[in-house]
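Using the working numbering, the first residue of the sequence shown is number 125, and each one after it goes up by one. Quick notes on the structure that follows.
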Amino acid sequence: MNTLSVCIISDNEESNLTRCLKSLEEIADEIILIDIGFTDNTTRIAERFNAKVIKFPWNNNYSSARNKALEIAKMDWILSINSNEALDTSQINNLKKILSKSSYLGYKLKVINIIDNKNFDGGCFLRIIRNKSGFYYKGRINEVLYNNSDYLNKIKNTDYYIYNFSLNDDNKNILESTNRRISIYEKYETKEKDNIYYYNLGNEYYIIGKYNSAIENYLISISLSSNFYVNSYLNLLIIKAYYNMKEYKKAIEFYFQNDYRYFRETYLLISFCFKIENDIEKYKEYMKSYLTKSETNILLGFSLEYLNSNNILLESFGFNINNLLESFSANYKI
Numbered sequence: 125m126n127t128l129s130v131c132i133i134s135d136n137e138e139s140n141l142t143r144c145l146k147s148l149e150e151i152a153d154e155i156i157l158i159d160i161g162f163t164d165n166t167t168r169i170a171e172r173f174n175a176k177v178i179k180f181p182w183n184n185n186y187s188s189a190r191n192k193a194l195e196i197a198k199m200d201w202i203l204s205i206n207s208n209e210a211l212d213t214s215q216i217n218n219l220k221k222i223l224s225k226s227s228y229l230g231y232k233l234k235v236i237n238i239i240d241n242k243n244f245d246g247g248c249f250l251r252i253i254r255n256k257s258g259f260y261y262k263g264r265i266n267e268v269l270y271n272n273s274d275y276l277n278k279i280k281n282t283d284y285y286i287y288n289f290s291l292n293d294d295n296k297n298i299l300e301s302t303n304r305r306i307s308i309y310e311k312y313e314t315k316e317k318d319n320i321y322y323y324n325l326g327n328e329y330y331i332i333g334k335y336n337s338a339i340e341n342y343l344i345s346i347s348l349s350s351n352f353y354v355n356s357y358l359n360l361l362i363i364k365a366y367y368n369m370k371e372y373k374k375a376i377e378f379y380f381q382n383d384y385r386y387f388r389e390t391y392l393l394i395s396f397c398f399k400i401e402n403d404i405e406k407y408k409e410y411m412k413s414y415l416t417k418s419e420t421n422i423l424l425g426f427s428l429e430y431l432n433s434n435n436i437l438l439e440s441f442g443f444n445i446n447n448l449l450e451s452f453s454a455n456y457k458i
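Structure below.
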């Protein structure tokens with residue numbers, strides 16, 4: 125049992141699709157491309173690789189489209205991949221071997237984000253599942269695989285790579301895809317808008333440089349959250365947004381408005397703000413706080429590349445907010 129269906133959701137991705145489909149030639153027994161509204165040459169490119177193009181009425185719900193692909197898939201295994209991604213072709217033979225002998229229900233692949241033509245570890249995600257094993261997607265955006273059975277111990281992490289080129293796209297593509305996601309968020313009902321909703325929406329505005337809108341949503345997220353670690357992270361995001369806008373005094377003023385300072389990188393950002401404002405004593409003080417803060421307070425993924433970027437999210441460097449959600453204790457006190 126080692127045949128593989130590859131399921132792809134795509135809109136206008138002619139600039140990326142050929143690379144994606146070429147990476148699948150030696151492993152895919154079936155390619156299903158869900159058309160959520162092509163207006164370019166995506167269909168023509170897909171048909172060159174014998175992909176099945178399935179028109180799907182767009183309903184502002186990515187999970188619906190992905191679940192349609194799962195429903196159609198006929199092979200033993202299913203790989204979900206985006207049209208702006210590609211498999212590492214040097215690993216395909218080994219990947220085929222593990223699928224042929226597997227007793228697992230699924231495999232997590234390692235996503236490598238390409239940013240300014242450099243590779244960054246974006247974390248592991250469940251991308252390969254056994255067909256007809258109860259998996260389904262949930263969430264109209266930022267969709268996630270679920271299963272009603274006890275499956276977690278039947279999922280294996282791997283070192284097989286998927287390269288994500290979406291962060292290496294030109295600004296036009298990034299703007300179009302981000303605006304599409306924002307339009308989906310805007311259709312959420314009030315009862316659906318929790319702190320993670322506002323966090324995600326803030327991130328979308330951050331990506332396209334609308335920092336005031338990002339800050340507004342991050343602040344709402346903090347007001348709806350009792351998670352000290354999440355709020356400390358949101359605090360840092362707000363300071364970083366002010367930093368990107370060169371509003372260094374506002375960043376410093378905001379820093380003193382609350383006590384969400386768990387992550388040592390907050391002190392680093394504030395020290396830089398003081399340095400730019402020519403307050404060298406404060407710069408030294410906060411740099412010392414950063415250097416002496418416990419290593420347990422390090423924010424995963426924080427790097428010079430992230431610090432110098434204006435529109436790249438920390439998730440692109442391996443951060444996952446779910447890790448903060450899992451760390452929280454309801455009894456934690458500031």
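Using N, Cα and C, we set each Cβ at its ideal position, and we do this for glycine too.
In the DSSP assignment, what are the bridge partners of residue i?
i, result
"Asn206", "Ile133"
"Lys262", "Val268"
"Leu141", "Answer is none; Leu141 lacks a bridge partner."
"Trp201", "Leu128, Arg254"
"Lys280", "Tyr231"
"Tyr285", "Lys234"
"Leu211", "Ile286"
When the Cα atoms are used, what is the spatial distance from residue i to residue j?
i, j, result
"Asn241", "Tyr287", "11 Å"
"Lys192", "Asn185", "11 Å"
"Asp318", "Ser349", "9 Å"
"Lys315", "Tyr321", "11 Å"
"Met209", "Cys144", "In the sequence as presented, Met is not what sits at residue 209; that position holds Glu. Rounded to whole angstroms, Glu209 to Cys144 spans 6 Å at the Cα level."
"Tyr407", "Glu429", "21 Å"
"Phe180", "Cys248", "28 Å"
"Thr213", "Ser147", "6 Å"
"Val235", "Ser129", "19 Å"
"Ile298", "Ser273", "37 Å"
"Asn455", "Ile344", "With a pLDDT of only 38 at Asn455, under 50, the local geometry of the prediction cannot be trusted, and the value read off the model is given with reservation. The alpha-carbon atoms of Asn455 and Ile344 are separated by roughly 22 Å."
"Ser204", "Lys225", "20 Å"
"Lys370", "Ser440", "23 Å"
"Glu401", "Gly246", "34 Å"
"Asn444", "Lys417", "21 Å"
"Phe173", "Glu149", "8 Å"
"Arg305", "Ile265", "7 Å"
"Thr142", "Leu223", "25 Å"
"Ser453", "Asn435", "Unreliable positioning characterises Ser453 in this predicted model, as indicated by a pLDDT of 47, which lies under 50. A coordinate reading is not provided."
"Leu291", "Ala152", "25 Å"
"Gly425", "Ala338", "20 Å"
"Lys399", "Arg190", "49 Å"
"Lys334", "Ala197", "40 Å"
Would you mind giving the Cβ-Cβ distance between residue i and residue j, rounded to the nearest angstrom? I have them listed as a contact below 8 Å.
i, j, result
"Phe289", "Ile238", "5 Å"
"Leu325", "Asn341", "5 Å"
"Met199", "Glu154", "5 Å"
"Gly258", "Ser187", "Not really, about 15 Å apart at Cβ, beyond 8 Å."
"Tyr261", "Glu267", "5 Å"
Considering residue i, what are the terminal residues of the beta strand (DSSP E) in which it resides?
i, result
"Thr416", "Note, Thr416: premise wrong, no beta strand (DSSP E); alpha helix (DSSP H) at 404 to 416."
"Glu154", "154 to 159"
"Ile178", "176 to 179"
"Leu269", "268 to 271"
"Asn191", "Asn191 -> not in any beta strand (DSSP E); alpha helix (DSSP H) instead, spanning 186 to 196."
What are the start and end residues of the alpha helix (DSSP H) that includes residue i?
i, result
"Asn237", "Looking at the DSSP string, Asn237 is not in any alpha helix (DSSP H); the run it does join, the beta strand (DSSP E), is 230 to 239."
"Glu254", "For the record, residue 254 in the displayed sequence is Arg; it is not Glu. Taken as a continuous stretch (DSSP letters only), Arg254 belongs to no alpha helix (DSSP H), being part of the beta strand (DSSP E) at 242 to 254."
"Lys221", "216 to 224"
"Thr346", "Per the sequence presented here, residue 346 reads as Ile, with Thr not at that position. From DSSP, the alpha helix (DSSP H) with Ile346 extends over 335 to 347."
"Gly326", "319 to 331"
"Ser427", "Segment: none, Ser427 is in no alpha helix (DSSP H) and carries neither H nor E."
"Lys364", "352 to 368"
"Tyr275", "No alpha helix (DSSP H) holds Tyr275; DSSP gives it neither H nor E."
"Ile436", "Where Ile436 is concerned, there is no enclosing alpha helix (DSSP H), given that its DSSP letter is neither H nor E."
"Ser395", "389 to 400"
"Ile151", "Ile151 -> no alpha helix (DSSP H), and no H or E assigned at all."
Apart from the five residues just before and just after residue i, which ones in its own chain have a Cβ nearer than 8 Å to its Cβ?
i, result
"Thr302", "Glu328, Ile331, Ile332"
"Trp138", "Here residue 138 turns out to be Glu, not Trp, going by the sequence shown. Counting only Cβ-Cβ distances below 8 Å, and skipping sequence neighbours, we find Asp164, Asn165, Thr166, Ile169."
"Phe162", "Ser134, Asp135, Asn136"
"Tyr270", "Phe259, Tyr260, Tyr261, Lys262"
"Asn447", "Leu424"
I'd like to confirm something about residue i: is its beta-carbon nearer than 6 Å to some heavy atom of the ligand HEM, or not?
i, result
"Lys373", "In the structure shown, the ligand HEM is absent, as is every other ligand, since no ligand is present at all."
Spatial neighbours of residue i within its chain, please: C-beta separation below 6 Å, excluding the five flanking residues on both sides.
i, result
"Tyr366", "Lys374, Ala375"
"Tyr231", "Ile252, Lys280, Thr282"
"Val177", "Leu157, Asp159, Thr167, Ala170"
"Phe244", "Asn237, Phe441"
"Tyr284", "Gln215, Leu219, Leu233"
"Ser227", "none"
"Leu311", "Just to set this straight, residue 311 is Lys in the shown sequence, not Leu. Hits under 6 Å: Asn184."
"Lys278", "Tyr228, Leu229"
"Tyr323", "Ser345"
"Tyr372", "Cys397, Ile400, Glu401"
Excluding the 5 residues flanking residue i on each side, which residues of the same chain have their C-beta closer than 7 Å to its C-beta?
i, result
"Ser395", "Tyr407, Tyr410, Met411, Tyr414"
"Ile458", "Low per-residue confidence applies at Ile458: pLDDT is 36, beneath 50, and the placement is therefore not dependable enough to give any value."
"Tyr391", "Tyr410, Ser413, Tyr414, Lys417"
"Tyr386", "Phe352, Tyr353, Ser356, Asn421"
"Leu250", "Gly230, Lys232, Leu269, Ile279"
Do we get a CB-CB distance below 7 Å when we pair residue i with the residues of chain C?
i, result
"Leu438", "Absent here is chain C; the protein component of the structure consists of one chain."
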